[in-house]
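>
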Amino acid sequence: MLSLENLQKTYPPTGDGETPPPALVDLSLEIAQGEFFTLLGPSGCGKSTTLQCIAGLEHPTSGRITMDGRTVFCSDANIAVPPNRRGLGMVFQSYAIWPHLTVFENVAFPLRYGPGGTARGDVRARVLAALERVGLQDFADRPAPYLSGGQQQRVALARSLVNEPSIILLDEPLSNLDAKLRDSMRVELRDLVKSLGITTIYVTHDQTEALSMSDRIALLNKGRLVQLGTPDEIYKRPNSAFAAEFVGRSNILKGRLAERGADGIGLVDLSFGRVACPVPENQSVGAQVELMIRPHGVRAENGEAAAASRFRSTIRRISFVGEFLDMEAELGDETIRIFASPYSGFREGDAAWLEFPQDRCVLLAERA
Amino acid sequence: MAHADTLAPGPARTFGRPTTATIMSLVLLALMTALVIAPLILLFRTSLTPAGELPFSTDVYTLDNYREALGNPRLPILIGNTLTYAFGSVTIGVTLAFAIAWLVERTDIGFKRSIRTMMFSWMAVPPIVMAFGWILLGNPGNGIINVILRSLFAMKGAPVSIYSMWAMVLITGFAIVPTAFTMIAGLLRNMDPQLESAGSVHGARPFSVFRRVTLPLLVPGLLSVGILLFMAMVQAFDLPLVIGLTARVPVLSTQIYLLAHSDVSRPDYSLTATFGTFFLVLALILILVYFRAVRLGERFRVVTGKAFRPNLKPLGGWHRLATAGVGFYFLVMMLPFLVLLWTSFLPFYSVPSMEALSRLTLENYQAVFSETRIVRALVNTILLVLASSTIVMVLSVMIAWISVRSKTRLGRLLEVISFAPMAIPPVVLAIAILLIYLRTPLYGTIGLIILAHVTAYIAFGTRTMNAALLQIHKELENAAFVCGAGWFTMLRRVIFPLLLPHILNGWLWVAGHSARDITFPLFLITTTNVVAASELYILWNTPEIPTAAALAVVLVSGLLCLVVPVQIFAARLGTERRKP
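Note that the protein sequences, when read in sequence, are chains A and B. The first sequence: position 240 = 247 (the working numbering), numbered continuously. The second sequence: position 357 = 1273 (the working numbering), numbered continuously.
Next up, the structure:
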């Protein structure tokens, strides 16, 4: 449906003569029809640049972008379709609601001035339908500056959907809303675009949004694709320390790969003992490795239930978050972060027996 | 919040001793009233005294002056001329400035930094200097343009004349481009480019985006820039004086000058004051229109979090044409100055030729630096420029803080009074100041001109400081108060350093305008308080044109040496602050 092939983007040197690092390095993505696809990463990772390139507001230095089989950008063939001919919908980070127009006129803009040419009589019906979809049917005649942040966001959404584009681009649309509204809008936004079957490209730096809304996530860092996968894969099987630390919280433990079994399960020597863990094929025995486990993944018990795979630790700090107990336990040279049930009766200074289930342990690739 | 509350003057709210800020606002209020309101009251009183009398020496009130002024058949012509001149020059100036600002801010045209620097440095060239240059270029007799046209096309007489309404409009129009450019570039920079991107992503062609999004968004801003400049041009005095009087195109400001400085009879201050009152009313109407336009603009203000990175339009094939156009504008602006530079090295004025080249001399510059009168004028100018700009900025920071931060009636009143000079035409203010100080020892000193300039430019100072202060979070100041700092310490240690780039720019603006102004120096002139600008006018009319040219070159070079480095420093300070 939408494919990005080998996108590169470099900016010219700034006034001070410094050459900025490349914004995109050889980025290739294939996005399916109707998919909710998220570009996730810290600021400056190239996610917004990618979106701007898809929209045609910026052009990559080289590479190719095709939509629905139509090439909209190709550096080799010297093709660059201007943004107004790409037939997209877009919600901008600042919403970009035109303050000199009413809500109705804002939403009607793509119909009136966009390609296709909607009949005058249809405009009204379609605008009202779009406004109804976002629950703003009563606000049609209001001047745009008299809207709250949440309402502006809905108008921007209605405007981007009114022309029934096949692709919609969302540039951090929730980042300017307050926390409560953000929670409800996450669900609403996903349901809306999913019900319309529109391919959605969503840019965010917020892991909660990315995990809860997406079909697939592309995790970017410094202009490069770090990991591509479903939210479940990204969270449970991060492929690097960056991915593990950027999405969710993690314990990263240094160790040495001691053994590898035929079933792909190996044993890793950590500072406090041996832990079983799936091992990728290219990892050689004896190498220095990093083992990652999520704080939720560690099983902690306070009874005297000694078992082969359990380690005795001491709880150093507990903070009661409400939804869980946030604990730090001392184990060998390591401090392990554990999220336990708020109903488990741990206290600071207590001993806790820790277990690292092998399917929750991930061996990370070496740090660059 | 808590601190602002303690500023409230109402009896129910005042606890303990009044704060420093309250005391200072009362002091400033008294000062501003004395500077701004008192002269206006005296002006009005003078317009009601019988002809030939001064308001101090009579207690008769009469409406004769109003009858005479209104009955004067020349009044409609005067007002007509004034409005035509202002409207024509502002239309030309804003159109040109918009074109250049758009090229610089929104396209990939080259030499951006040079264009911005040139535009800003233009403040160093007083309009009166430009006018003299244009007279040398375009006067009907030996104006260079006419000489060239005559020899090229064997024409007779004067193909072009500088002495006409349209020439005056054109020259003024060109001269206000730099000011308009600075304001319009700011408008373009403050507009979120996402608003335009949103248009093109949703299918509109570039022209539709321009017509439906860009232009409607800019109209309120352009309108208020236009009205502000219109106001300034209605009040303009220098070009109408130097060009308009010979061209027999009197406007209100020059008419008032003629009345106060009559060569044939005693100055008629009562009638002058009456015309001044009319002028004041006209200016007041304009300022009300301006406020309406600004309020309209406020409605369109959009708040966004992200810093704007405008996408620059590639000019492609138009690149060369656009660069050439901007270059041509700067060439036209340079021409009058080049002519003056040429003249300043000649013993007597002549059209550039090989023969004249052999006569080049430095005598004029010697004269500038040795004749007692001119040297005194230069010293006076330095005093005037440094004192008035520094006093204006110090007062402005304090007034702006009080009017922005304390939501009391006292603060509001202070804001209104300090903005009032904006609506008072300089000629009117000059007459009013002349009337009030004529019998005091201050009359005839440079101190009086400093006082006049402080009054005239305080409106600009407080406006810019108000705007700058609104960008500073109040908590930064409150943190200083909580740490135990007093009001002055807070201003000195927090506000002043934070606002420094804005303060420097404001200081420069006042310094530049104080040096170029001839209104107050001419109205308040005596033998002892001549400054460079008024000396220039005297030399020109004597006429000692080469000496005047040399003085003009010295004045412009001196101002350039002040404006360019300080501006670069302020700009650098500003960019460093923005870096994380």
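Idealized CB from N, CA, C, for every residue including glycine. Since the structure is predicted, the reported quantities are computational estimates derived from the model, not experimental observations.
(1) How would you list, in chain order, the residues of chain E whose beta-carbon sits under 9 Å from the beta-carbon of A/G94?
(2) Classify B/V1045 as buried or exposed, calling it buried when 16 or more other Cβ atoms lie within 10 Å of its own Cβ.
(3) At which residues does the alpha helix (DSSP H) containing A/A204 begin and terminate?
(4) Who are the Cβ neighbours of B/V1353 in its own chain at under 7 Å, not counting the five residues just before and after it?
(5) Bridge partners of B/T1324, per DSSP?
(6) Tell me, please, whether the CB atom of A/P106 is closer than 9 Å to any CB atom in chain B?
(7) With distances taken between CB atoms, is the gap from B/L1351 to B/P966 smaller than 9 Å?
(8) I'd like to check one pair, A/T321 with A/G352: are the Cβ atoms closer than 9 Å?
(9) Determine, using beta-carbon pairs with one atom in the region 28-39 of chain A and one in the region 220-232 of chain A, whether at least three such pairs fall under 8 Å.
(10) Residues of chain A with CB closer than 9 Å to the CB of B/P1132, please, in chain order.
(11) Should B/G1501 and B/L1053 be called a contact, given that it needs their Cβ atoms to be closer than 9 Å?
(12) Compute the Euclidean distance between the alpha carbons of B/F1090 and B/W1038, then round it to the nearest angstrom.
(13) I need the DSSP call for A/S69, collapsed to helix, strand or coil.
(14) For A/I104 versus A/A147, is the C-beta spacing smaller than 9 Å?
(15) If you measure from the beta carbon of B/G968 to each beta carbon in chain A, is any gap under 9 Å?
(16) Thinking C-alpha only, which one of A/I175, A/P302 and A/I61 is nearest A/P364?
(17) Taking all protein chains shown into account, decide if A/Y18 is buried (16 or more other Cβ within 10 angstroms of its Cβ) or exposed.
(18) In whole angstroms, give me the CA-to-CA distance for B/M1084 and B/P1156.
(19) Please work out which residues of its chain come closer than 6 Å, Cβ to Cβ, to A/A87, disregarding the five sequence neighbours upstream and downstream, and give them in chain order.
(20) Short check: CB of A/P117 to CB of A/S167, under 9 Å?
(21) According to DSSP, which residues form a beta bridge with B/K1507?
(22) List, in chain order, every chain A residue whose beta-carbon is nearer than 7 Å to that of B/R1128.
(23) Is the Cβ of A/A375 closer than 9 Å to any Cβ of chain B?
(24) Taking only runs that begin and end inside the region 134-213 of chain A, name each unbroken beta strand (DSSP E) of 3 or more residues, in chain order.
(25) Beta-carbon of B/S1140 versus every beta-carbon of chain A: anything under 9 Å?
(26) Please compile the residues from chain B whose C-beta is within a distance smaller than 8 Å of the C-beta of A/R166.
(27) Just to confirm before moving on: does the CB-CB distance between B/A1368 and B/I1349 stay below 9 Å?
(28) Taking the alpha helix (DSSP H) that A/C60 belongs to, which residues open and close that run?
(29) Rounded to the nearest angstrom, what separates B/A1209 and B/A1372 at their Cα positions?
(30) For A/P117, would you say it is in contact with chain B, using Cβ-to-Cβ distances shorter than 9 Å as the test?
(31) Is the Cβ of B/P1122 closer than 9 Å to any Cβ of chain A?
(32) With a CB to CB cut of under 8 Å and the five nearest residues on each side skipped, what residues in its chain are close to A/N246?
(33) Quick test of your reading: A/Y120 and B/A1120, contact by CB under 8 Å. State the CB separation rounded to the nearest angstrom.
(34) List in chain order: all unbroken alpha helix (DSSP H) runs of 4+ residues lying wholly within the region 1365-1445 of chain B.
(35) Just the Cα atoms here: how many angstroms apart are B/Q1282 and B/L1276?
(36) Is there contact here, the region 1004-1020 of chain B with the region 1139-1155 of chain B, by at least three beta-carbon pairs under 8 Å?
The relevant details are as follows:
(1) Although the question refers to chain E, the structure presented lacks it and instead comprises the protein chains A and B.
(2) So B/V1045 ends up on the buried side.
(3) Note that residue 204 of chain A is Gly in the sequence shown, not Ala. Where A/G204 is concerned, there is no enclosing alpha helix (DSSP H), given that its DSSP letter is neither H nor E.
(4) Reading off the sequence shown, one finds Tyr at residue 1353 of chain B, where the question assumed Val. Cβ neighbours of B/Y1353 beyond the five flanking positions: Y1359 and L1364.
(5) B/T1324 is not bridged to any residue.
(6) By this cut-off, A/P106 is an interface position.
(7) In this structure, B/P966 does not lie closer than 9 Å to B/L1351 by Cβ.
(8) No, the Cβ-Cβ distance between A/G352 and A/T321 is not below 9 Å.
(9) Short answer: they touch.
(10) Chain A residues near B/P1132: W105, H107 and L108.
(11) No answer is possible for residue 1501 of chain B: the residues shown for chain B start at 917 and end at 1496.
(12) A direct Cα-to-Cα measurement between B/F1090 and B/W1038 gives close to 11 Å.
(13) In this structure, A/S69 counts as strand in the three-state DSSP scheme.
(14) The answer is no: Cβ separation not under 9 Å.
(15) It does not; no Cβ of chain A falls within 9 Å.
(16) The residue with the shortest Cα to Cα distance from A/P364 is A/P302.
(17) Classification of A/Y18: exposed, given that the 10 Å Cβ count is below 16.
(18) For B/M1084 and B/P1156, the distance between alpha carbons rounds to 7 Å.
(19) Counting only Cβ-Cβ distances below 6 Å, and skipping sequence neighbours, we find H66 and F80.
(20) The answer is yes: Cβ separation under 9 Å.
(21) Lying before the first or after the last residue shown, residue 1507 of chain B is absent from chain B, which here runs from 917 to 1496.
(22) The answer, in chain order, is Y120.
(23) Interpretation of A/A375 is limited by its pLDDT of 46, a score under 50 that renders its predicted location unreliable; the figure taken from the coordinates is listed afterwards. Not one chain B Cβ lies under 9 Å of A/A375.
(24) Complete beta strand (DSSP E) runs here, min 3: 174-178 and 206-211.
(25) B/S1140 does not count as touching chain A.
(26) Within chain B, the residues near A/R166 are A1114 and H1118.
(27) Yes, these two residues count as a Cβ contact at 9 Å.
(28) A/C60 -> alpha helix (DSSP H) spans K54 to A62.
(29) When rounded, the distance between both Cα atoms is 23 Å.
(30) Interface residue (Cβ-Cβ distance to chain B less than 9 Å): A/P117 is classified as such.
(31) Using a Cβ-Cβ cut-off of 9 Å, B/P1122 counts as an interface residue toward chain A, since at least one Cβ of chain A sits closer than that to its own.
(32) So the qualifying residues of the chain are V233, Q234, L371 and A372.
(33) Confirmed, about 4 Å.
(34) Those alpha helix (DSSP H) runs which fall completely within the region 1365-1445 of chain B and span 4+ residues are 1390-1398, 1403-1406, 1412-1432 and 1435-1439.
(35) Cα atoms of B/Q1282 and B/L1276: separation of roughly 13 Å, rounded to the nearest angstrom.
(36) Under the three-pair Cβ rule at 8 Å, the region 1004-1020 of chain B counts as touching the region 1139-1155 of chain B.
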